[in-house]
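Presented below is the structure to which this report refers.
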Amino acid sequence: MTGFRLHAAVMHADSQTGYIASFAVPSPTSRITRDAPMQPLSFLPDTFAEYEDLKSILDQGSASFAIRTVCETTVRGRRFGVHTASIGSTDPQAPAIGFFGGIHGLERIGSQLVLDYMRALLARLEWDELLVRQLQSIRLVFMPIVNPGGMWAATRANPNGVDLMRNAPQNADERVPLLAGGQRVGAWLPWYRGRRGAPMEAEAAALLQVVEAELAARPLSIALDCHSGYGWTDSIWFPYARTRKLMPHLPEMYVLKTMFERSHPHHGYTFEPQSHQYLLHGDLWDFAYDRAPAPNVFLPMTLELGSWLWIKKNPRQLFSRQGFFNPVKAHRTARVLRRHANLLDFLARAVFSSQRWLPQGNRREQLLQSAIDHWYTPDTA
């Protein structure tokens, strides 16, 4: 007996991980045949929910988005593309904003946030005249699943075991946390940077290429990278992660923070340099920021969703690898998606209105001192 015919397929969705798995079930009338080779029966998923959601959005928005596949990744025989979608002004001098997610495969909620914003954007294009006018002057770039292989495998790292957010070549100038700051011992430990001197991972190189071509080459651009898994509160971090030195565009960051707080006084974010929390080797956004050509203004930020609060509200999440980094209950996921839409809208409007707030001359010097007082002067109270 060399095999059997399979006549029915069952789709299985895992409520914990969002995986969509398909596997074959023999029909009651199936018979043994000698002409069909035995096929291995695999219970591993062929895809995952966020990837299918992205493909659906790209299909729905094919007439509006400029869509690219910037690289591909393979994991256990499955192949996934790393896709970008862009919309808005084609003027290379127009300001732009990029939304990124899924750099760490376990942090699905970041990808879900970007995908939800893309879906809402397409819906608004049907009726929102202000949005249409806005897109005539700015460009939006979306890269919602940077690490699809890791998300399929439910790992922080990519399929090669490399933590993409530790994969850039630069080192921190002070001591970093053991392991968490990035290590080169091996992929069997978390936060692996990759081999010294090796080329950057395809996904990391693709992200940097998108930033260089679509964002940093413009006079003004912003990037928001959505993560989860750290802290009791939500944070917005900006460079640097490799050093405690001041970023050159600290006045611009301070203005953004001030505008957002005045527009949304009950926001609840902690807005600060990442170095206030910890230093690390190989941060992609530090690397991208330092490569941005002068005099262009490129402002990368990381939205770090505080997942510890979700665990506090639902301690059973401790028994799920996904639960460490994502809200598990549907109503909590919906609340997260609602809560952060204001931030994404604000940043898009700030890019559109940049001529009204970008600091110049003496005002910029004054704002630099205010920023230093706020973030770098010890509180003597």
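Residue numbers (UniProt numbering): 1 to 381.
Cβ atoms here follow ideal geometry from the backbone N, Cα and C, with glycine treated the same way.
These numbers come from a predicted model, not from an experiment.
A distance below 6 Å between beta-carbons, with the five flanking residues on each side excluded, links L344 to the following residues of its chain, in chain order: Y117. Counted as a single uninterrupted DSSP element, the beta strand (DSSP E) harbouring G101 occupies residues A96 to G101.
Under the 10 Å beta carbon count, D234 is surrounded by 16 or more other beta carbons and is classified as buried. Here F65 carries a coil assignment [DSSP, helix/strand/coil]. DSSP lists no beta-bridge partner residue for R108.
Contact between the segment 209–216 and the segment 184–194 is absent, with fewer than three C-beta pairs closer than 8 Å. Note on geometry: alpha-carbon atoms of L220 and Q93 lie some 8 Å from one another. In the pairwise beta carbon analysis, the segment 361–381 is classified as not touching the segment 132–145: fewer than three pairs are separated by under 8 Å. Shown here, D91 sits in coil according to DSSP, grouped into three states, outside any helix or strand.
Per DSSP, the continuous beta strand (DSSP E) segment holding W237 begins and ends at S235 to F238. Here Q360 is exposed, its C-beta having fewer than 16 other C-beta atoms within 10 Å. For the pair of segments examined, the segment 160–171 was found not to touch the segment 125–140: the number of CB pairs separated by less than 8 Å stays below three.
Comparing alpha-carbon positions, the option among T84, I57 and G110 lying closest to L305 turns out to be G110.
Here G150 is near G105, since their CB atoms are less than 8 Å apart. P300: member of the beta strand (DSSP E) spanning V297 to L305, first to last residue. Relative to the Cα of R349, the nearest Cα in the group T243, S263 and L113 belongs to S263.
Taking each of T47, F99 and A96 in turn and checking the Cα distance to V75, the smallest one comes out for T47. By the neighbour-count definition (other C-beta atoms within 10 Å, threshold 16), Y278 is an exposed residue.
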